[in-house]
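With the sequence shown counted from 1, adding 1486 to any position gets you the numbering used here.
Where is the CB? At the ideal position from N, CA and C, for every residue including glycine.
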Amino acid sequence: MNIYTIIIITTLVFSYLISLITEILNLKALRNELPEEFEGVYDAEAYRKSQEYTRVTTRFGFMTSTFSIILTLLFWFAGGFNYLDQIVRAWSLHPILNGLLYIGILIIVKSILSLPFSIYATFVIEERFGFNKTTPLTFITDLLKGLALSILLGGPLLAGVLAFFQYTGNMAWLYCWLATTLFTLFVQFIAPTWIMPLFNKFTPLEDGELKEAILFYARSVSFSLKNLFVMDGSKRSTKSNAFFTGFGKNKRIALFDTLIEKHTVKELVAVLAHEIGHYKKKHIIQGMIISVLHMGVMFFLLSVFISHKGLFEAFYMDNTSIYAGLIFFGMLYSPIELILSIFMQILSRKNEYQADRFAAQTTKTPESMIDALKKLSVANLSNLTPHPLYVFLNYSHPPMLERIKAIRQIRTS
Ligand SMILES: [Zn+2]
């Protein structure tokens, strides 16, 4: 056992245990009595159902992560990484092609193994709680489209990274950083017009009371809103949402059809104001800058560790290679990722408060935002009383009750 084995195993087991413990705490924090704030919004039966949903999804998450850690350790200690490498090497192809196949096969095997879990989640759990609208046909075409996209977009990017490390020596990490940055910007730019429509139908919001109210609001905060779409979220689930994508001229806001169905015009304007708040408060740019910097650090560290013999010994490899180094570094990097993700969640929750505040102040009707949040929690069966530690580690949005409390404290004059 060398130092790399110890670091990676410790992280794997540690993060597994942490999530297990916080999930148990989260389940213990479930209370039978409905929080006062939600009286009249939830009836007792529906509230019980929401708690059952938390229980069922938590237990399922626990099963998935147990399966995943056992499988990873088995594959690792049975020498699976080396075994696959020997097979791929026997084909004696170009090293870059070897790399694409090696990583491609690992990803495909992993996806096949996780397929039963995602089928169960969609067609058994979501179905049982009345969320599921996905037909088997949609499920299968989603899978195939996802696969085609990963090959078309991910393939060339991966080939580029492998080639830079193969041919450009010490500066490889810098080229990789530049290339992935350009690539991410490109994908984010084309996503709203080329990628997302592959999965959903986006129709411009039709003229009427809602559109007028939204445009009136957008003008009041000088936000040029040209691309306002309704997305057929109901194709997959009854859950509702709204989001902001793209940037520059391509930026657009999409409201789920399931959202429009359940909310009043005032509430919808509030939801939209929240999304515009993210843009106005520069959260979108902030997210992009952080992820670009993060990629730089990651590629630099990758360049430091990718040639360390010990890393390959830890995985029982007969040969060193850039592609296998990439996978092993990914595992070695996970403790840093774990810590980083906690900071990202803290930042994200702070941004959510800001966007709520922006919405409450600019619409001047904080009550509409609160009503919208309440309806959203009921429609999505959100856990109203998550454990603080669970929130701290996993929540990108503050719990509903805390958001509502914060909005109530905002003065709007
Ligand atoms: Zn938000």
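Whole angstroms is fine: what's the gap from residue i's alpha carbon to residue j's?
i       : j       : result
TRP1562 : PHE1801 : 6 Å
TRP1663 : LYS1514 : 44 Å
LEU1875 : SER1505 : 10 Å
HIS1794 : PHE1553 : 30 Å
LEU1818 : ILE1494 : 6 Å
LEU1711 : GLN1831 : 28 Å
THR1497 : THR1848 : 45 Å
TYR1653 : ILE1808 : 11 Å
PRO1690 : VAL1751 : 17 Å
ALA1858 : ALA1759 : 12 Å
PHE1981 : LEU1870 : It is not possible to answer for residue 1981, since the shown part of the chain is limited to 1487 through 1899.
PRO1683 : LYS1631 : 11 Å
GLY1816 : PRO1872 : 31 Å
GLY1796 : PHE1685 : 43 Å
SER1578 : ILE1593 : 21 Å
LEU1559 : ILE1492 : 13 Å
LYS1737 : THR1679 : 10 Å
VAL1673 : THR1667 : 10 Å
LEU1635 : ILE1896 : 44 Å
TYR1490 : THR1621 : 44 Å
VAL1778 : LEU1833 : 16 Å
MET1855 : GLY1585 : 50 Å
ALA1704 : ASN1518 : 41 Å
ALA1841 : SER1551 : 33 Å
ILE1776 : ASN1488 : 33 Å
ASN1866 : MET1657 : 48 Å
VAL1790 : TRP1659 : 9 Å
LYS1860 : LEU1516 : 18 Å
ILE1507 : PHE1500 : 10 Å
PHE1878 : ALA1530 : 28 Å
Report the partner residues of residue i according to the DSSP bridge assignment.
i       : result
TYR1528 : GLU1525
MET1717 : PHE1688, PHE1742
SER1723 : ASN1618
PHE1730 : ILE1739
Of all Cβ atoms in chain B, is any one closer than 8 Å to the Cβ of residue i?
i       : result
SER1604 : Protein chains in the displayed structure number just one, and chain B is not present.
Quick test of your reading: residue i and residue j, contact by CB under 8 Å. State the CB separation rounded to the nearest angstrom.
i       : j       : result
ALA1740 : MET1717 : 4 Å
PHE1733 : PHE1675 : 7 Å
ARG1864 : TYR1606 : According to the sequence as given, residue 1864 is Val; it is not Arg. Rounded, the Cβ-Cβ distance is 25 Å, inconsistent with contact.
PHE1615 : LYS1535 : 7 Å
ARG1598 : PHE1546 : Position check: residue 1598 holds Ile in this sequence, whereas Arg was assumed. No, ILE1598 and PHE1546 are not in contact; Cβ-Cβ is about 19 Å, not under 8 Å.
LYS1735 : PHE1844 : Not really, about 23 Å apart at Cβ, beyond 8 Å.
ILE1589 : LEU1643 : 11 Å between Cβ atoms; not a contact.
Tell me where the alpha helix (DSSP H) around residue i begins and ends.
i       : result
THR1491 : 1489 to 1514
GLU1695 : 1695 to 1706
ASN1568 : 1566 to 1576
ILE1593 : 1581 to 1606
TYR1661 : 1658 to 1676
THR1848 : 1820 to 1849
ALA1759 : 1751 to 1766
TYR1876 : 1874 to 1880
ASP1857 : 1852 to 1866
LYS1795 : 1795 to 1799
PRO1884 : Counting along the chain, PRO1884 falls outside any alpha helix (DSSP H), and DSSP gives it neither H nor E.
PHE1650 : 1641 to 1653
GLN1772 : 1769 to 1791
Using only the heavy atoms of ligand 3, determine whether one of them is closer than 7 Å to the beta carbon of residue i.
i       : result
GLU1838 : Within the structure as shown, ligand 3 is missing, the only ligands being ligand 1.
* the region 1881 to 1899 touching the region 1762 to 1772, judged by at least three CB pairs closer than 8 Å -> no
* Would the region 1645 to 1654 and the region 1613 to 1627 be scored as touching if the rule is three or more Cβ pairs under 8 Å? -> no
* Asked: Does the count of Cβ pairs from the region 1560 to 1577 and the region 1633 to 1644 closer than 8 Å reach three?
  -> At 8 Å Cβ cutoff, the stretches do not touch.
* Asked: Is the region 1721 to 1731 in contact with the region 1739 to 1748, if contact means three or more CB pairs nearer than 8 Å?
  -> yes
* **contact_flag[the region 1691 to 1708, the region 1825 to 1840] where n(CB pairs < 8 Å) is 3 or more** => no
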